[in-house]
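Residues 1 to 660 (the UniProt record's numbering) make up the sequence shown, in order.
To start, the structure itself, in structure tokens.
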Amino acid sequence: MTITSPATVLELYRRMFRIRRFEEQAAILYRAGHIPGFVHLAIGQEATAVGACFALRDDDVITSTHRGHAHALARGLTPVEMYAELMGREAGVCRGRGGSMHIADPSRGIFGANGIVGAGIPIAGGAAQAARFNGKGGVAVAFLGDGALSTGAFHEAANLASLWELPLVLFCENNRFSEFSHFDDQHPVQVEDRARGLGLRFRRIDGNDVVAVAEAMTTILAQVRDGGRPYLVEALTLRVRGHYEGDPQHYRSPANPSEPEPRDPLIVARERLAAADVPDADIAAVEAAIEREIDEAIADAELSPQPPASELSLAVTRPRPSAPASVMEIADSAATGETWKYFEAVRAALHAELENDDKVFVAGIDIGASGNVFGITRGLKDQWPSRVLDTPISETAIMGLGVGAAMAGYKPVLELMYFDFLGVCLDQIMNQAAKLPYMTGGQAQMALTLRTQIGAGRSSGAQHSQSLEAMLCHIPGLTVVMPSTPSDAYGLLRAAIADPNPVVVVEHRLLYGSKGPTCSPDHLVPIGQAAIRSRGTDLTIVSWSRMATVCLEAVNHLATEGISAELIDLRTIAPLNMTPILESVATTSRLLIVHEAHHDFGPGAEIAARMANEGLHLLDAPVVRVAPPHVPAPYSPSLEQAWLPDLTRILDEARRLVRF
Numbered sequence: 001m002t003i004t005s006p007a008t009v010l011e012l013y014r015r016m017f018r019i020r021r022f023e024e025q026a027a028i029l030y031r032a033g034h035i036p037g038f039v040h041l042a043i044g045q046e047a048t049a050v051g052a053c054f055a056l057r058d059d060d061v062i063t064s065t066h067r068g069h070a071h072a073l074a075r076g077l078t079p080v081e082m083y084a085e086l087m088g089r090e091a092g093v094c095r096g097r098g099g100s101m102h103i104a105d106p107s108r109g110i111f112g113a114n115g116i117v118g119a120g121i122p123i124a125g126g127a128a129q130a131a132r133f134n135g136k137g138g139v140a141v142a143f144l145g146d147g148a149l150s151t152g153a154f155h156e157a158a159n160l161a162s163l164w165e166l167p168l169v170l171f172c173e174n175n176r177f178s179e180f181s182h183f184d185d186q187h188p189v190q191v192e193d194r195a196r197g198l199g200l201r202f203r204r205i206d207g208n209d210v211v212a213v214a215e216a217m218t219t220i221l222a223q224v225r226d227g228g229r230p231y232l233v234e235a236l237t238l239r240v241r242g243h244y245e246g247d248p249q250h251y252r253s254p255a256n257p258s259e260p261e262p263r264d265p266l267i268v269a270r271e272r273l274a275a276a277d278v279p280d281a282d283i284a285a286v287e288a289a290i291e292r293e294i295d296e297a298i299a300d301a302e303l304s305p306q307p308p309a310s311e312l313s314l315a316v317t318r319p320r321p322s323a324p325a326s327v328m329e330i331a332d333s334a335a336t337g338e339t340w341k342y343f344e345a346v347r348a349a350l351h352a353e354l355e356n357d358d359k360v361f362v363a364g365i366d367i368g369a370s371g372n373v374f375g376i377t378r379g380l381k382d383q384w385p386s387r388v389l390d391t392p393i394s395e396t397a398i399m400g401l402g403v404g405a406a407m408a409g410y411k412p413v414l415e416l417m418y419f420d421f422l423g424v425c426l427d428q429i430m431n432q433a434a435k436l437p438y439m440t441g442g443q444a445q446m447a448l449t450l451r452t453q454i455g456a457g458r459s460s461g462a463q464h465s466q467s468l469e470a471m472l473c474h475i476p477g478l479t480v481v482m483p484s485t486p487s488d489a490y491g492l493l494r495a496a497i498a499d500p501n502p503v504v505v506v507e508h509r510l511l512y513g514s515k516g517p518t519c520s521p522d523h524l525v526p527i528g529q530a531a532i533r534s535r536g537t538d539l540t541i542v543s544w545s546r547m548a549t550v551c552l553e554a555v556n557h558l559a560t561e562g563i564s565a566e567l568i569d570l571r572t573i574a575p576l577n578m579t580p581i582l583e584s585v586a587t588t589s590r591l592l593i594v595h596e597a598h599h600d601f602g603p604g605a606e607i608a609a610r611m612a613n614e615g616l617h618l619l620d621a622p623v624v625r626v627a628p629p630h631v632p633a634p635y636s637p638s639l640e641q642a643w644l645p646d647l648t649r650i651l652d653e654a655r656r657l658v659r660f
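Okay, structure coming up:
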């Protein structure tokens with residue numbers, strides 16, 4: 001059956017008419033108050049969605065935009081599960097957790113519509129890399145509006161896709177408007193010029209002729225499956241409604257006679273049907289069936305209950321492999337009596353996971369041939385050349401690569417060279433990795449590990465010294481761990497890679513050369529398990545990362561003064577486990593918190609607040625925090641020494657607390 005056959009054109013028309021009626025009724029339901037939140041309708045863009053998805057296979061993946069209803073319906077979602085999602089009902093495809101802008105069903109290759117312009121493009125790159133890994137010829141298609149062409153996410157992901165020749169199609173629905181601005185006011189060059197500059201193949205098509213779109217995409221997808229370079233497709237289409245439902249569209253200007261408005265895709269399809277001598281009665285029957293389908297879908301969706309408040313936290317995190325004890329003594333049964341360096345432990349953990357699980361891959365800037373900026377990954381690419389991937393300096397593309405691959409069932413281990421670079425890729429971590437499992441009602445897999453490092457004390461300045469764990473701990477869905485010893489670096493990294501949730505492992509570069517006891521190859525440190533580094537009765541000290549090692553020095557020094565201090569190395573910062581802290585303070589009645597993150601609004605503030613709420617009756621003195629002041633990390637050694645907590649400050653505060 002060819003695309004131009006009467007039966008195929010009628011089927012394409014059926015799919016477009018379903019989208020048109022869905023969107024028209026969605027507008028009515030929104031005005032009547034049945035749909036909360038924003039609604040962005042795709043009326044006028046039915047042919048791009050249907051034509052682009054027509055030649056997709058079941059194992060192909062799409063990512064979409066905030067104007068994504070049409071793509072989801074064209075990919076196979078039913079109107080009832082879509083309406084229920086728009087209404088925020090339990091029967092919604094995402095169980096009411098996503099809503100209009102975040103429709104997704106990874107099991108059907110829909111890796112999500114996205115409320116962040118351009119954010120789905122790097123994720124599609126990750127899905128394309130996953131398709132390359134599995135070798136079955138799958139393709140990823142990233143739908144984007146013309147406004148997304150200006151975003152860094154587009155340029156980073158397109159550059160990576162072109163460099164790696166990923167099986168990816170960037171499908172730009174150019175309706176000539178980016179929110180409230182015309183294309184010509186937003187872009188200095190045409191779409192074709194961007195494709196040429198990025199080394200992408202390019203195709204411009206009439207986005208309102210569904211047959212033309214389907215024919216073009218059939219050819220393009222076949223070429224990409226066959227190992228061809230990725231494509232940027234520009235489908236010229238129209239946006240009938242405003243940017244959002246209710247948009248007054250004051251920015252619309254009269255049509256330019258030299259630039260005629262694209263024609264309604266349903267009219268174009270009906271003309272094709274007429275030319276093929278398809279009877280009007282057949283077309284009317286299709287339309288009547290869709291009308292009934294939409295009416296029934298609305299009725300069924302409205303019968304679905306609201307999600308119960310008891311399931312508010314559903315799918316924020318997936319259950320971990322085991323529920324650990326809340327605390328572990330320093331004497332680890334896995335210790336062998338030999339020693340190794342912290343960086344050797346990190347490398348060994350990566351080696352073990354790459355060797356034991358072919359779903360694991362490592363990606364980041366200069367991690368392959370160069371072995372990363374500190375030499376930690378040196379030698380891994382020699383053993384796993386296809387799974388240790390050097391990327392361009394494109395942190396957003398790197399994180400999106402991980403998100404998309406994780407959704408496809410892989411276990412990416414990504415490296416962010418410095419924690420300070422978090423800001424350039426925060427969207428993919430905060431709005432994608434952390435939230436997609438929740439926004440999809442638990443459907444999205446996200447076994448993603450992010451390695452990064454911190455370390456003040458070597459005059460690295462304000463942009464290479466920050467300990468930013470508080471930023472990530474504030475984001476629901478993320479796990480943050482910060483090991484202080486080599487064996488913990490090994491055990492926590494392996495636990496993170498095995499964990500079904502996105503985990504950020506923060507290493508300390510001043511610890512890379514430190515030595516500690518080795519551990520057995522199967523050693524794991526369960527997420528959420530603190531370590532008691534010393535037992536004591538006069539004072540509880542809580543710390544993590546390098547500051548825990550400084551605190552251990554302080555504990556030993558205090559012991560010579562007759563002060564018995566208990567040191568808790570949290571190791572897992574989020575989720576915060578208060579149990580060992582409360583149990584310790586029940587004995588000592590005093591709490592000192594030491595960390596390298598800034599004092600104001602830092603993790604210590606949360607611990608202090610929780611202590612006041614859950615254990616105020618246990619305290620005989622104020623909770624004290626030792627941390628850098630609310631000042632950027634200075635460059636000058638004298639200023640940095642004054643800024644960074646040290647042994648003297650910790651000892652002074654400990655003595656003051658004991659005397660209180």
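C-beta: ideal position from N, C-alpha, C; glycine also.
Backbone CA spacing between residue i and residue j [nearest angstrom]
i	j	result
residue 637	residue 415	28 angstroms
residue 465	residue 549	18 angstroms
residue 478	residue 446	10 angstroms
residue 333	residue 588	Caution applies to residue 333, whose pLDDT of 44 falls short of 50 and renders its modelled position unreliable; the model cannot decide the point.
residue 523	residue 480	19 angstroms
residue 121	residue 444	17 angstroms
residue 151	residue 117	8 angstroms
residue 61	residue 221	12 angstroms
residue 58	residue 407	15 angstroms
residue 344	residue 620	43 angstroms
residue 379	residue 346	13 angstroms
residue 652	residue 558	10 angstroms
residue 362	residue 450	10 angstroms
residue 459	residue 639	9 angstroms
From the options, residue whose alpha carbon lies closest to that of residue i
i	options	result
residue 27	241, 343, 84 and 208	241
residue 551	231, 560, 534 and 106	534
residue 352	494, 299 and 377	494
residue 54	165, 459, 212 and 32	212
residue 171	4, 640 and 202	202
residue 115	63, 514, 135 and 132	63
residue 124	565, 400 and 459	400
residue 238	145, 578 and 154	145
residue 69	32, 91 and 24	24
residue 37	613, 355 and 100	100
DSSP state of residue i mapped onto helix, strand, coil
i	result
residue 648	helix
residue 156	helix
residue 337	strand
residue 515	strand
residue 435	coil
residue 476	coil
residue 204	strand
residue 134	helix
residue 596	coil
residue 543	strand
residue 243	coil
residue 613	helix
residue 403	helix
residue 625	strand
residue 415	strand
Pair within 8 angstroms by beta-carbon distance, residue i and residue j
i	j	result
residue 627	residue 539	no
residue 629	residue 462	no
residue 545	residue 508	yes
residue 608	residue 585	no
residue 126	residue 360	no
residue 644	residue 456	yes
residue 85	residue 103	yes
residue 364	residue 391	yes
residue 410	residue 130	yes
residue 339	residue 518	yes
Cβ distance (whole Å) where residue i is taken to contact residue j below 8 angstroms
i	j	result
residue 16	residue 412	Contact doesn't hold; Cβ gap of about 37 angstroms is too wide.
residue 553	residue 647	6 angstroms
residue 541	residue 592	5 angstroms
residue 154	residue 161	Not a contact, Cβ separation roughly 10 angstroms.
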